[in-house]
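J.: Taking my numbering, I'd label the letters of the sequence shown as residues 50 to 615.
Note that beta-carbon positions come from the ideal geometry of N, C-alpha and C, so glycine has one too.
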Amino acid sequence: MVNMYDSLNKAAAGLASSQAGLNVTGNNINNINTEGYSRQRVEIKNDNGLIITEDPKRVYSDIIAKNLRHEKSDYEQYDTMENGLKSVNIYFNELEIGAGLGDSFKEYFNAWSDLANTTPDNTAESLSKKEVVVDKASVLTNKINETAKSIERQRNDSNEKIKDYTKKANELADEIASINKKIVSIENDYKKANELRDRRDVLLDQLSELVDITTFEHANGMVSVYVANNPLVDGLVSNKLILKENSENYYDIFLGNEKYGENINITTNIKAGKIKGELELRDNYYKEYTDKLDNLKEALIFETNKIYTTGYGESYFNSLTSAKGVLSKDAKLTNDPIIGDKIQKGTVQFSIFDSSGNHIDDISINIDPTVDSLNSIASEINEDKNIPIHASVTEDGRLQVRGEKDYTFAVKNDTTNLLAALQFNAFFIDDSSGEIKVNDLVKENLNYLNTHSFVSSGDNSNALSLANLKYKSIESLNNQTIEGYYTVLTTKIASDISEIKSFKSTKDYAVRQMELKLDEVKGVSLDEEFINMLKFQKAYEANARMVTAIDQMMDTIINNMGIVGR
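1. Below 8 angstroms, how does it come out for the segment 220-228 and the segment 287-295: are there three or more Cβ pairs, yes or no?
2. Smallest Cα separation from Asn278: which of Glu258, Gly305, Ala588 and Arg246?
3. Measuring only the C-alpha atoms, how far is Glu493 from Val460?
4. Output the boundary residues of the alpha helix (DSSP H) element that contains Lys461.
5. Where does His267 sit, in a helix, a strand or coil, going by DSSP?
6. Would you report the Cα separation of Lys584 and Ile93, rounded to the nearest angstrom?
7. Is the segment 384-391 touching the segment 463-472, taking contact as three or more C-beta pairs under 8 angstroms?
8. Indicate whether the contact test is met: 3 or more Cβ pairs, each with one atom in the segment 351-367 and one in the segment 480-500, closer than 8 angstroms.
9. What would DSSP say about Ser551, mapped onto helix, strand or coil?
10. Thinking C-alpha only, which one of Asp250, Glu174 and Asn269 is nearest Asp238?
11. With His119 as the anchor, note down where its alpha helix (DSSP H) starts and where it stops.
12. Please go through the same chain and pick out, in chain order, the residues whose beta-carbon is closer than 7 angstroms to the beta-carbon of Met50, but skip the five residues on each side of it.
13. Is DSSP giving Arg90 helix, strand or coil here?
14. Leaving out the 5 sequence neighbours to the left and right, which residues in its chain are closer than 7 angstroms to Arg90 when beta-carbon positions are compared?
15. Would you kindly work out how many angstroms separate the C-alpha atoms of Ala65 and Ala226, rounded to a whole number?
16. State the beta-bridge partners of Gly374 as determined by DSSP.
17. What is the DSSP secondary structure of Ala226, counted as helix, strand or coil?
18. So what does Pro280 bridge to, in DSSP terms?
19. Can you grab the Cα-Cα spacing for the pair Val182 / Asp152, in whole Å?
20. Under the three-state reduction of DSSP, which class applies to Phe303: helix, strand or coil?
21. By Cβ distance, which residues of its chain are closer than 7 angstroms to Lys135, with the 5 residues on each side in sequence left out?
22. Helix, strand or coil for Asn407? Go by DSSP, reduced to three states.
23. If I follow the unbroken beta strand (DSSP E) through Ile599, where does it start and stop?
24. So, at 8 angstroms on beta carbons, what are the nonlocal neighbours of Asp301 in its own chain, with the 5 sequence-adjacent residues on each side left out?
25. Could you check whether Val375 and Ile387 sit closer than 9 angstroms to each other, using their CB atoms as the reference points?
26. Do the segment 331-345 and the segment 421-430 touch if we need at least three Cβ pairs shorter than 8 angstroms?
27. Since Asn496 sits in a beta bridge, which residues does DSSP pair it with?
28. Can you name the start and end residues of the alpha helix (DSSP H) that Glu258 belongs to?
29. Based on Cα-Cα distance, which residue from Ile356, Val570, Ser428 and Met595 lies nearest to Ser56?
30. Alpha carbon to alpha carbon, what distance is there between Ala372 and Asp479?
31. Verify the contact flag: Leu538, CB atom, against every heavy atom of the ligand FMN, threshold strictly below 8 angstroms.
32. When the Cα atoms are used, what is the spatial distance from Ile438 to Gly406?
33. Measuring alpha carbon to alpha carbon, tell me which of Ala60, Thr167 and Leu71 ends up nearest Phe579.
34. With DSSP run on the structure shown, which of helix, strand or coil describes Gln562?
This is the structure we're talking about:
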C-alpha cells in the first residue's frame with residue numbers, strides 16, 4: 050500500500066506540473082503582443098522520484114539587453130541630430146532656384162554691376178536700376194535675417210525638448226524605483242516578479258532612448274541606474290535631472306538630490322540619447338552655423354560700408370547721425386568694445402556744398418584711435434569756425450553732423466574705417482536686435498544712393514567698387530570672398546548631415562541585429578508554444594490515467610480481496 054500511495058502522489062505531482070505548464074503556455078500565448086513581455090517556462094525538478102514544480106522562470110538576457118540599450122542610445126542621438134540638421138538645411142537650399150542665400154548674393158552683386166554700367170544720372174533707366182539694387186539688397190537682408198532667426202528657433206526648440214526629455218527621464222526614474230520596491234517585496238517571499246521585471250526593462254529601454262545609462266542589479270533584485278557615472282536611481286531612491294539656466298539662457302543639466310542640493314553638472318558628460326542629440330545641436334552645430342552666419346553678416350555690412358560711406362549720391366546731407374554709437378563718449382576709441390577693433394589711424398574728410406549744391410570746401414580730421422575719443426573728434430570738426438558744419442555726440446554715443454542753414458555735406462574719404470564702423474552714411478545697418486537691413490534713408494530717397502566716387506556727377510565708379518566687392522578676399526572670412534564663405538558654410542552643413550546619416554545607418558543596423566538576438570531569447574513563438582501545449586496536455590492525460598489505474602488497483606485491494614472467510 051505504501052508504494053501505491055507513493056505512485057499516487059507522483060501521479061498527482063505530474064498532474065500539477067502539467068497544469069502549471071499549460072498555464073504558463075497559455076500565459077505566453079496571451080501575451081505574445083504585450084510590449085516588453087518575456088516568455089516564461091516551467092522549471093520541473095525530480096526530487097527523490099517526486100516531481101517538483103517551481104515558479105515560472107523568465108527567459109531573458111541581461112547582456113544582450115544592455116548592449117541593445119547602448120546601441121539604441123547612440124541611434125536616438127544620431128536620429129535626433131539628423132532631423133534637426135535637415136530642418137536647418139531648408140534655409141540653405143541651393144538646389145531650388147532662388148530659394149537659397151547663394152542666389153540672393155549673386156542677384157545683389159549683379160544689381161550693383163548693372164547699375165555701374167548705366168549712365169549716372171536721374172533718367173528713368175538709372176532710377177529703375179537703383180530701385181533694383183535696393184530691392185535685391187532688401188531680399189538679401191530679409192533672407193539673412195530669416196535664416197538667422199530659423200537657426201535661433203531651432204536652438205530654442207532643442208532647449209525646450211531637453212526640458213521635456215529630462216522631465217520624462219525623471220518620471221521613468223521614479224517608476225523604476227517604485228518597481229524596485231515591489232520586486233523586493235515579492236521576491237523576499239521566494240516568488241517570482243516576472244511581470245514587474247518585464248515592466249522595469251521596458252522603462253529602462255525608454256530611459257536609454259533619452260539618455261545613455263548603465264545598470265547594476267543587486268542580489269535582492271533591485272536595479273541601480275547611472276547617468277554620467279552618477280546614480281539616477283539608487284535602489285529605492287530616485288534622484289533628479291535638474292535644469293539650470295546658464296549664461297546664454299540655455300539649460301545646463303545637473304543630477305542629484307533636489308531636496309538637499311547635492312547637484313552635479315553633467316551636461317558635458319552625457320554621451321548618447323535624445324538629450325545628447327539636442328545638446329549637440331544646440332551647443333555645437335546650431336551655434337557654429339549662427340556664428341558663421343553672424344560673421345558673414347558683419348563682414349557684408351562693414352566691407353560694404355567702407356566703400357559706400359565715402360561715395361556721393363545725387364543729393365547731399367544737411368544732417369546725418371550714425372546708426373551705431375560708442376559705449377563712452379570720452380573713452381579712447383580703441384577701448385570701445387563695439388567698434389574699437391575696426392578703427393585705425395588715418396584721416397576723415399568731408400566735402401561741403403552751398404545751398405545750390407556747389408562744392409565750396411573740404412575739411413580733414415586726423416584721427417588716432419589710441420588717443421582720440423568720439424567727443425574729441427567732434428570738437429576737432431567744430432574747431433574751424435569758418436566751416437559751416439558742426440558735429441556732436443548724442444546721449445547714446447552716436448556721431449551727429451549738421452550743416453548750417455542750407456549748407457550740405459558728404460563724406461569724401463575715410464582711411465580710419467571710423468564712419469563705416471559707426472555706420473555713418475551707411476548702406477547696410479544692423480539694428481538693436483542684430484538684424485541687417487538697408488538704410489531707410491536710401492530706401493526712402495534713391496538720390497542718397499552713393500554711386501559716385503567724385504563730387505561731380507558723371508561716374509558710377511562707387512557702384513562698380515561695390516559690385517567688385519564680390520571678388521575681394523576678406524580677412525575676417527578666413528581670406529575668402531563673401532560668396533565663397535557662404536558656399537563653405539552650406540557645404541559644411543551638407544557634410545554634417547551626410548556624416549550623421551552614416552553614423553545613424555551603422556547604429557540602425559546594430560540595433561536591428563540586437564533586437565533580433567534578444568527576441569530570439571525572450572520572444573514568444575506560437576509554434577513552440579503549441580508544441581508545449583500538446584506536450585503538457587498529453588502529460589496531463591497520462592498522469593490522469595495513472596491516477597485512474599491506481600484508483601482501480603486500490604479499489605480491487607480494498608473491496609475485492611479478503612472475502613474468503615466471510
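T.: Taking the geometry as given:
1. The segment 220-228 is in contact with the segment 287-295.
2. Distances from the CA of Asn278 to each of Glu258, Gly305, Ala588 and Arg246 were compared; the closest alpha carbon is that of Gly305.
3. 20 angstroms
4. Per DSSP, Lys461 belongs to no alpha helix (DSSP H); it is in the beta strand (DSSP E), Thr457 to Asp463.
5. DSSP places His267 in coil when its eight states are reduced to three.
6. 14 angstroms
7. In this structure the segment 384-391 touches the segment 463-472; the number of beta carbon pairs closer than 8 angstroms is three or more.
8. yes
9. helix
10. Asn269
11. Asp111 to Asn138
12. Confidence is the limiting factor: at Met50 the pLDDT is only 46, short of 50, which leaves the residue's position unreliable and the question unanswerable from this model.
13. Three-state DSSP puts Arg90 in a strand.
14. Here the set comprises Val73, Pro105, Lys106 and Val108.
15. 36 angstroms
16. In DSSP, Gly374 forms a bridge with Arg447.
17. helix
18. Tyr275
19. 14 angstroms
20. strand
21. Ile546
22. coil
23. Segment Leu575 to Asn609 is the alpha helix (DSSP H) holding Ile599; no beta strand (DSSP E) there.
24. Leu292, Lys293, Glu294, Asn295, Asn314 and Thr316
25. yes
26. Contact between the segment 331-345 and the segment 421-430 is absent, because fewer than three Cβ pairs lie under 8 angstroms.
27. DSSP output for Asn496 lists no bridge partner at all.
28. If you look at Glu258, you'll find it in the alpha helix (DSSP H) that goes Asn243 to Leu259.
29. Met595
30. 8 angstroms
31. The ligand FMN is absent from the structure shown, which contains no ligands of any kind.
32. 15 angstroms
33. Leu71
34. helix
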